[in-house]
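J.: Chains as they are written, first to last, in the numbering used here: chain A, 1 to 275; chain B, 276 to 550; chain C, 551 to 825; chain D, 826 to 1100; chain E, 1101 to 1375; chain F, 1376 to 1650. Backbone N, C-alpha and C define an ideal beta-carbon position, used for all residues, glycine too. These numbers were taken from a predicted model, which means no experiment stands behind them.
Number of protein chains: 6
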Amino acid sequence: MRLAMSLLVSVMVSVGVLAQTATLKLEPVERQMPPYIQERLNANDRVLFDKLMRVGIESAWSLVTAEGYPQNFINELTPLKPHYRMVGRARTMRYLPNRKDVRAKLYGAGPQLNYKSAEEAQPGDILVFDAGGEMRAGVSGGVTTIRFLVRGGAGMVIDGAMRDVPELEAMHIQTYMRRGHASSVSPIMMSVDYQVPVRIGSVTVVPGDILVGDTTGILVIPADIVEKVANTALEHDEQEEFQRDLLLKGESIYDVYPMNAATKKRYEEHRKLKR
Amino acid sequence: MRLAMSLLVSVMVSVGVLAQTATLKLEPVERQMPPYIQERLNANDRVLFDKLMRVGIESAWSLVTAEGYPQNFINELTPLKPHYRMVGRARTMRYLPNRKDVRAKLYGAGPQLNYKSAEEAQPGDILVFDAGGEMRAGVSGGVTTIRFLVRGGAGMVIDGAMRDVPELEAMHIQTYMRRGHASSVSPIMMSVDYQVPVRIGSVTVVPGDILVGDTTGILVIPADIVEKVANTALEHDEQEEFQRDLLLKGESIYDVYPMNAATKKRYEEHRKLKR
Amino acid sequence: MRLAMSLLVSVMVSVGVLAQTATLKLEPVERQMPPYIQERLNANDRVLFDKLMRVGIESAWSLVTAEGYPQNFINELTPLKPHYRMVGRARTMRYLPNRKDVRAKLYGAGPQLNYKSAEEAQPGDILVFDAGGEMRAGVSGGVTTIRFLVRGGAGMVIDGAMRDVPELEAMHIQTYMRRGHASSVSPIMMSVDYQVPVRIGSVTVVPGDILVGDTTGILVIPADIVEKVANTALEHDEQEEFQRDLLLKGESIYDVYPMNAATKKRYEEHRKLKR
Amino acid sequence: MRLAMSLLVSVMVSVGVLAQTATLKLEPVERQMPPYIQERLNANDRVLFDKLMRVGIESAWSLVTAEGYPQNFINELTPLKPHYRMVGRARTMRYLPNRKDVRAKLYGAGPQLNYKSAEEAQPGDILVFDAGGEMRAGVSGGVTTIRFLVRGGAGMVIDGAMRDVPELEAMHIQTYMRRGHASSVSPIMMSVDYQVPVRIGSVTVVPGDILVGDTTGILVIPADIVEKVANTALEHDEQEEFQRDLLLKGESIYDVYPMNAATKKRYEEHRKLKR
Amino acid sequence: MRLAMSLLVSVMVSVGVLAQTATLKLEPVERQMPPYIQERLNANDRVLFDKLMRVGIESAWSLVTAEGYPQNFINELTPLKPHYRMVGRARTMRYLPNRKDVRAKLYGAGPQLNYKSAEEAQPGDILVFDAGGEMRAGVSGGVTTIRFLVRGGAGMVIDGAMRDVPELEAMHIQTYMRRGHASSVSPIMMSVDYQVPVRIGSVTVVPGDILVGDTTGILVIPADIVEKVANTALEHDEQEEFQRDLLLKGESIYDVYPMNAATKKRYEEHRKLKR
Amino acid sequence: MRLAMSLLVSVMVSVGVLAQTATLKLEPVERQMPPYIQERLNANDRVLFDKLMRVGIESAWSLVTAEGYPQNFINELTPLKPHYRMVGRARTMRYLPNRKDVRAKLYGAGPQLNYKSAEEAQPGDILVFDAGGEMRAGVSGGVTTIRFLVRGGAGMVIDGAMRDVPELEAMHIQTYMRRGHASSVSPIMMSVDYQVPVRIGSVTVVPGDILVGDTTGILVIPADIVEKVANTALEHDEQEEFQRDLLLKGESIYDVYPMNAATKKRYEEHRKLKR
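Right, here's the structure in full:
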């Protein structure tokens, strides 16, 4: 689905015989990358992420599936903020149930991974925590996330729990998680792997994947195909917007979606006019 | 429960010795059928649905149960919009896991049922999708729902998933579902039956049932008894409003709810005065 | 985590070479006891509950755990109101599946416990209903809760379901529960025990426990240690606020959280200045 | 259902034209109270429990429900032993999540309840542990159960986990539970209440209830009505056995179950002959 | 997988230097249609079902999937009998949550569907009950199933619960279900549709489908393709048996599974010899 | 718990006044490493694994926990074989949801990991598959497991599903899993990592860990502490066996478990005599 960001779609519809005066108004969904992040992106990402802010996630899903990735949609997690589109690049971490010996080895070798990932984050990054769905301990929290925000972080996806939920809710980025928990990561969990393929819900997320999320869920787009997906989906959205307008004017869905021959012709003319 | 739509219940209460100046204010809950739908309803439905917009769902539940329907409340689904009352008439569809042979037969015989139901919807209808709780595929989405809106649709109840969740959230109707999913209905699911009894959560919904939903859940009222339920419940709500007022004034719950003899007498007087 | 209630933390950050003008703004979280409750509290509770309104739940969790209570956090229930901190004292009830013989004995001996607890509630009390997670019947509802509000009630925690959810949402207190249900408590459940230890999620709650809840979950603090926890946590929060400020200014998390020697020195100076 | 213990029901059936020689053989289900328990029962229990060993749980369920107890069947737990009927009297315990302060108080006052219940058990008792479904810690184990066995214990029902599962499987009593766990009860759980009403699955079990369990689940019979239930159910089973025989002989279910007038007459004659 | 029914695969293996005398013995799995059913089947079914008794369910699954049915495997239900292969033809029923009005209409029009299906069953039929996963009420039980047995019934698949579990366990057919329950179908459920497509787990089962089940789960084969699937799978199993033999002799899996060129050649020779 | 393998514990008990002749007989649990595996073990493992075949899992759990590993018990999986003790060394694999690009890279670099692990297995190894709990696809099956058996494999632990369940049930090793599925691993899953730390249930398993499993669950013992755990647990079991004998003789649990001073003295004497 795609709703233009700048237009208020609002029409008068008359289907009955009596005077009907109420308008059918579809509220546009506001979607833009927060300026703080946007101005830190490199030129390529700024263009790409802007497209992905506007694209229909459903159109993009069709294209990602057509490219051979039918399992790339996450809908098991809950977004903290309503009405918010998240776009960014996956930086992944893998957590496991805590064990004294493994922890001693790993934590002796370097900082815990929520620290490391916040410190090394690039503008437009999304931190992806695979905590195996564990809900009895938070894997990170507000303070570490402030460092991530300053670095230009664009979102967080946690298959598990987080501390400081009200603080996260007040931030300008989206966070997807299962639940909150006030505990520290110890003694239930420990961070194990950095920038490896991980499992979120029933999707494998690879470092560098581009994630596009809203309240429907999160689409995981392999970096190789993201340009193609973004461009083709926008074209498809343009057509869908035309179809939505016809439906709002009261035309039958059988003529419009999918388009019959006559509607297709009208659409071709509409496109010519628009250019 | 019933909260008058037009009154702001707000009282001063003093239970301590010190000066207590804070008021106990109960915010009224706004509840009205969206004008676009309302003016398309026939005369009977306009009156009936207006009553059901105001009725206490709990009072109505008691009456529906007393009529022999103790299993008619759905609370397994999540409403997309907060603070919203849905009232309308069930138009049902049954979905099953996709199968090549069954799909070929059914889809050869007519349009997919989310199309058909949107096209044939009458003002005040609620689309009811029994998708068996499946969360790996959306059964319908934004574009089809626009056609439904234009027709005067009043709500959607999906035991499964939907596409285009932000678009649905922005509409003037309520949608109850389990989760979002960006996928098309294929290849996981297919529509099978139209206007048959279906299962939503642990309730059988029959075409023509009247549904009344808010954030507590959805009450399913057989059409035969809906007038009686609406009228009797409104009477009961009138009494409950009196009881609420007494409680807000600081009276003991033991005298008021249920009413003892003295309170009953006061209520009789109150009713006479009101008329 | 702790966000000062009165300050708007908002800074200019420059990490790139190009002109970057967007500010990193953290919205403060509003947290105060509703005046109606506050002015009914006794002097001790007023001071204590005010501290707990400001304290970081995560800091407090660490201290509660350090005191020997590692299992005292509830995150299985859903709060009805976003952005809301609940503080109060547990008044507990235990419900069991309904049984004719037990019910006859108990209900002959006195009022149902949701009535009794509303009537006997003291200002700042939180009603805690252990309904074993049952979601097929509401254990209490709006009318009874009005009596509780008038008495100065500060919140409700239900391991089960409640009636009248929109009415509860409109109240000035927080309610945590699993789901709504329009039914009365009968015939599925019955109240059995009053002011005994109960199970909520995977936590034992004892009458008199102090509960502190927000959207992360609910911390259960034994009354014996609550003063110590509140005071120590506030001190810890003061340090964390300093750390947040440094991070917002762009310092590395490795220097700040935890603080290295240099940062510790700066913090000592900061504290002297503040006094 | 009821299968006679001593008879092998085995018949020749011919429904086709060709020679059919295979017999339809229903294996009888062996059901008897283990002798060790039986000879320790008092005279009344020996008679009553023997009846309940033979009764159809389904017939008994109908009668228990008709007496006003429609919620008295437990089917959420797994029996350790196949092909085994458990009959006995409930001795109940309530466990809660561990908490230092509550534990100190309770464990100072007397032994842990799995010890106490094993020591105080009477012949024919069934230990009923309400552990709230917790599966991360065993509430009791093999050693304590040996003491229970010596005392004449007849079964165990645990809404939670047990240690020493292979040892329990090898005993001559049935154990119903959710899962095994090798841990001790600490530090996750603690015993709190002895011989109080408890919740198992979605059923309230009261001390003194008579439990009858097999692989279908566990029927909970209030002591007041157990004689009546046992006697009436056995009568009903006698009729059902007659019906089974007719069905095995190839008669139509429409004539037999429920019985039409002709079949009823035959049954009356059958009963006269039997006496 | 396929294990010959008549051969005991048992070999001596030496991989170490020391004397190793233990044999690697694979117990053959006994699989045959019970004679009572077999002799009542028509000629075609007798041949077909015999093949399906021997076929590898995994080989058959691959072929069913290759034919366009990737969703046709049920693994959500529990078989009552271990070590048992079920083969037969689906006779379907759909149950819904009970509702007074719908029940009155349906039950006035004819017998409850568990009766009807038992009475009308043909030899080799499998009763398939779609009860929506409901576990609070049994949809059928032992007495009705005796009529089904006499008719030559070959199995039962219930997405829900059954009465009389020990009796069902003692029968010569397999039953798959979620749980047992001693209750009658009323007042929770009612039978609604007969011989329509239904949902079991996440699979659509159509009347006339051929079901093949063991402890791995149940493969649902559309009638149109069952001959092809059975024959091709048996061929594939023959090859797999050769591969198993090589592995048992200690050959490397890299040469054998899949077969490299040399192994393929040996297999061709092996086939020639066998004929 | 510990039950001696060679002794049949069977005693006469008299607690009543009447003649009681039934014996309290505890069936010993047979536990030995299958000879085929045993004779392939190296000398150290043969001794160690023999101890672990006899040790009480509960005693060992206490010691593992005391060494700092309180989270090392798996009870979320189902063992295929009843009455069976599994002992061996973990060889781990990690599976993720299938993705075309990752799969292409990994499968180009070497064989799928169920093949590789079967081929490289050492005598006494246990294959540990972390499939994230996925139940819609089998990660391995019968043929590959035959290669593993020939190599001396001692067990399999799958947090997911397996093909060929009846074949696995017939083998001389134990398999723990969630469910069966007839499908191949594709297209739902793919193998990703070999011999890395993995998550099974809520436990981290590291390559080389020693696993000890029965129907209670699986204890995960770090290799560093396994000798100490085995020896100390056997000592503790010796004492528990003494306690069991006293209980079987009818002594009070209060004197015996834990032992009071008098019982301790008797135990010391018993030990002296035994040596």
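Just tell me which of E:Gln1138, E:His1281, E:His1272, E:Gln1171 has its CA closest to the CA of Ser1101 of chain D.
T.: No answer is possible for residue 1101 of chain D: the residues shown for chain D start at 826 and end at 1100.
J.: Roughly how far, in whole angstroms, is the beta-carbon of Arg972 of chain D from the beta-carbon of Ile1628 of chain F, given that I think they are within contact range, below 8 Å?
T.: About 4 Å; that satisfies the 8 Å criterion.
J.: Quick check on the burial criterion: 16 or more other C-beta atoms within 10 angstroms. Buried or exposed for Ala384 of chain B?
T.: Looking at its Cβ environment, which holds fewer than 16 other Cβ atoms inside 10 Å, Ala384 of chain B is exposed.
J.: For chain C, find out if any of its Cβ atoms is closer than 8 Å to the Cβ of Tyr36 of chain A; answer yes or no.
T.: Cβ-Cβ to chain C under 8 Å: yes for Tyr36 of chain A.
J.: Any idea if Lys105 of chain A is buried or exposed, counting beta-carbon neighbours within 10 angstroms, 16 or more meaning buried?
T.: Classification of Lys105 of chain A: exposed, given that the 10 Å Cβ count is below 16.
J.: Apply the 10 Å Cβ neighbour rule to Lys815 of chain C and answer buried if 16 or more other Cβ atoms are within range, or exposed otherwise.
T.: Burial call: exposed.
J.: Quick test of the definition: if touching needs 3 or more C-beta pairs under 8 Å, does the stretch 1470-1477 of chain F touch the stretch 1565-1584 of chain F?
T.: Segments in contact, yes.
J.: Measure the alpha-carbon distance for Val1384 of chain F versus Leu630 of chain C and round it to whole angstroms.
T.: With a pLDDT of only 34 at Val1384 of chain F, under the threshold of 50, the placement of this residue in the model should not be trusted; the figure read from the coordinates follows. Distance between the alpha carbons of Val1384 of chain F and Leu630 of chain C: 59 Å.
J.: Would a C-beta distance cut-off of 8 Å place Leu602 of chain C and Ile760 of chain C closer than the cut-off?
T.: Yes, Cβ-Cβ distance for Leu602 of chain C and Ile760 of chain C is below 8 Å.
J.: Check whether the Cβ atoms of Leu1072 of chain D and Trp886 of chain D lie closer than 8 Å to each other.
T.: No, they are not a contact pair.
J.: Just to confirm the assignment, what range does the beta strand (DSSP E) spanning Gly692 of chain C have?
T.: Note, Gly692 of chain C: premise wrong, no beta strand (DSSP E); alpha helix (DSSP H) at 692-700.
J.: For a test of the three-state rule: what should DSSP assign to Val481 of chain B, helix, strand or coil?
T.: Correct three-state label for Val481 of chain B: coil.
J.: Does DSSP put Tyr1411 of chain F in a helix, a strand or coil?
T.: Three-state result, Tyr1411 of chain F: helix.
J.: Is the Cβ of Asp512 of chain B closer than 8 Å to any Cβ of chain E?
T.: No, no contact with chain E.
J.: For Ala1007 of chain D, decide whether its Cβ has a neighbour in chain F, counting only Cβ atoms nearer than 8 Å.
T.: At least one chain F Cβ lies under 8 Å of Ala1007 of chain D.
J.: For Arg596 of chain C, which three-state DSSP category applies?
T.: Three-state result, Arg596 of chain C: helix.
J.: For chain E, find out if any of its Cβ atoms is closer than 8 Å to the Cβ of His908 of chain D; answer yes or no.
T.: So, interface residue.
J.: Give, in chain order, every residue of the stretch 1601-1627 of chain F whose Cβ lies closer than 7 Å to some Cβ of chain D.
T.: Residues passing the 7 Å Cβ filter: Glu1615, Gln1618, Arg1619, Leu1622, Leu1623, Gly1625, Ser1627.
J.: For Gly68 of chain A, count the other beta carbons within 10 Å of its own beta carbon; 16 or more makes it buried, fewer makes it exposed. Which is it?
T.: The residue is exposed, with fewer than 16 neighbouring Cβ atoms inside 10 Å.
J.: Output the distance between the C-alpha atoms of Met1235 of chain E and His236 of chain A, rounded to the nearest integer angstrom.
T.: Approximately 46 Å between the Cα atoms of the pair.
J.: Show which residues of chain B have a CB atom less than 7 Å away from the CB atom of Gln1278 of chain E.
T.: The sequence shown places Arg at residue 1278 of chain E, rather than the Gln named in the question. Within 7 Å Cβ-Cβ: nothing; Arg1278 of chain E doesn't reach chain B, min ~14 Å.
J.: Pick out the complete beta strand (DSSP E) segments inside the stretch 755-797 of chain C, 3 residues or longer, and give them in chain order.
T.: The stretch 755-797 of chain C contains these whole beta strand (DSSP E) runs: 760-764, 767-771.
J.: Let me check understanding here. Comparing Cα to Cα, which of C:Gln789, C:Arg794, C:Lys799 lies closest to Lys824 of chain C?
T.: Nearest option by C-alpha distance: C:Gln789.
J.: Going along the stretch 608-629 of chain C in order, which residues come within less than 9 Å of chain D, judged by CB to CB distance?
T.: Answer in chain order: Glu617, Gly618, Tyr619, Pro620, Gln621, Asn622.
J.: Closer than 8 Å, CB to CB, is Ala847 of chain D near chain E or not?
T.: Judged by the 8 Å Cβ criterion, Ala847 of chain D is in contact with chain E.
J.: Can you pull the chain C neighbours of Pro1022 of chain D, defined as C-beta to C-beta under 7 Å?
T.: By Cβ distance, chain C contributes Leu646, Val652, Val742.
J.: Looking at chain D, is there any beta carbon in it that lies within less than 8 Å of the beta carbon of Pro772 of chain C?
T.: Chain D contact via Cβ: present.
J.: So which residues of chain E does Ile1521 of chain F contact, with C-beta pairs closer than 7 Å?
T.: Those within 7 Å of Ile1521 of chain F in chain E are Arg1344, Leu1347, Leu1348.
J.: Using the Cα positions of Ile1258 of chain E and Met1186 of chain E, report the straight-line distance between them to the nearest angstrom.
T.: Cα to Cα, Ile1258 of chain E sits roughly 14 Å from Met1186 of chain E.
J.: Relative to the C-alpha of Thr1123 of chain E, which candidate in F:Thr1398, F:Thr1579, F:Pro1410 has its C-alpha closest?
T.: The shortest Cα separation from Thr1123 of chain E among F:Thr1398, F:Thr1579, F:Pro1410 belongs to F:Pro1410.
J.: If you run the structure through DSSP and keep just helix, strand and coil, what is Ala956 of chain D?
T.: Three-state result, Ala956 of chain D: coil.
J.: Kindly say whether Thr725 of chain C, judged by its beta-carbon, lies nearer than 8 Å to any beta-carbon of chain D.
T.: Not one chain D Cβ lies under 8 Å of Thr725 of chain C.
J.: DSSP three-state label for Pro1454 of chain F, please.
T.: Strand at Pro1454 of chain F.
J.: Would you mind telling me which residues of chain E sit closer than 9 Å to Asp1420 of chain F, beta carbon to beta carbon, in chain order?
T.: Correct list: empty, because the minimum Cβ distance to chain E is about 13 Å.
J.: Where Glu241 of chain A and Tyr267 of chain A are concerned, what is the direct C-alpha to C-alpha distance, given to the nearest angstrom?
T.: So the two alpha carbons sit approximately 11 Å from each other.
J.: Chain C beta carbons: is any one of them nearer than 8 Å to that of Thr1088 of chain D?
T.: No, Thr1088 of chain D lies away from the interface with chain C (no Cβ there is under 8 Å from its Cβ).
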